[in-house]
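Numbering (this note's numbering), first residue to last: 7 to 260.
Virtual Cβ for every residue (Gly too), placed ideally from N, Cα, C.
Since the model is a prediction, treat every value here as computed from it, not as a measurement.
Worksheet for the structure shown next.
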Ligand code: GLN
């Protein structure tokens, strides 16, 4: 189970989200405090961020553990952004290695990350790909997360709101016979959507900022845990949490 974090608010250096918090993503790579599956997240990492006036984010991904990248401290000190999504990876058995297999996955304005696993990958993806109409050859990498991202992206492209697309993807995978843990994190740089489905998810909204993370980055007050099988939509001005089933009400699960 990997760990991930999303931030929206006034521009901040990447380090204030990644490395400065005492129990932030950097530390979660080797000492997560609430991770339910796996112990370290040393199979790569990735950071995505938005520069002012450009809707398409930049990504920096590496296959090494986040603490083993000598270039990161400088980048994290000087790059500032008002929208950041980052992840550290503990690879699921049977998935590809390499930086292309590390979140965030991207398309256009979107950045996506997945904490969890599709049970039985890669075998289980075959019938799901047929039923849910995904071409496995088109995936960004041969990873369960890239497969799930392809499903989410299809829904975004058909006009579903981000939180609905995440919740509906989980419901569709399960309706098609798939199972697993599906904590998703998605942003377009303006809002963040995320699911709790099998692992931990928290958020903190304070002072015109919102942080959505697998686990609290510090022991300060203000963190709220999202109940399992819920989806969240976050803006710096407010957070809405609802059950997956409420988000998908009224749309056909396909
Ligand atoms: N299954 C995904 C991967 O292999 C996510 C892993 C995780 O959450 N540990 O990258």
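{"Item": "Contact set for residue 154: own chain, Cβ-Cβ below 8 Å, skip 5 residues either direction", "Value": "120, 124, 175, 179, 188 and 190"}
{"Item": "Residue 73 to residue 164 span [Cα, whole Å]", "Value": "39 Å"}
{"Item": "Exposure label - residue 47; buried when at least 16 CB within 10 Å", "Value": "buried"}
{"Item": "Residues passing the C-beta test against ligand 1 heavy atoms, cut-off 6 Å", "Value": "7, 8, 44, 95, 96, 97, 98, 101, 120, 121, 122, 123, 149, 150 and 151"}
{"Item": "Span separating the alpha-carbon of residue 122 from that of residue 98", "Value": "8 Å"}
{"Item": "Proximity below 8 Å, CB of residue 108 to CB of residue 50", "Value": "yes"}
{"Item": "Under the three-state DSSP convention, the category residue 14 falls into", "Value": "strand"}
{"Item": "Length at least 3, wholly inside the segment 145-223: the beta strand (DSSP E) runs in chain order", "Value": "186-193, 198-202, 208-212 and 215-219"}
{"Item": "Coarse secondary structure for residue 231, derived from DSSP in three states", "Value": "strand"}
{"Item": "Where the alpha helix (DSSP H) containing residue 250 begins and where it ends", "Value": "250-253"}
{"Item": "Residues bridged to residue 19 [DSSP beta-bridge criterion]", "Value": "86"}
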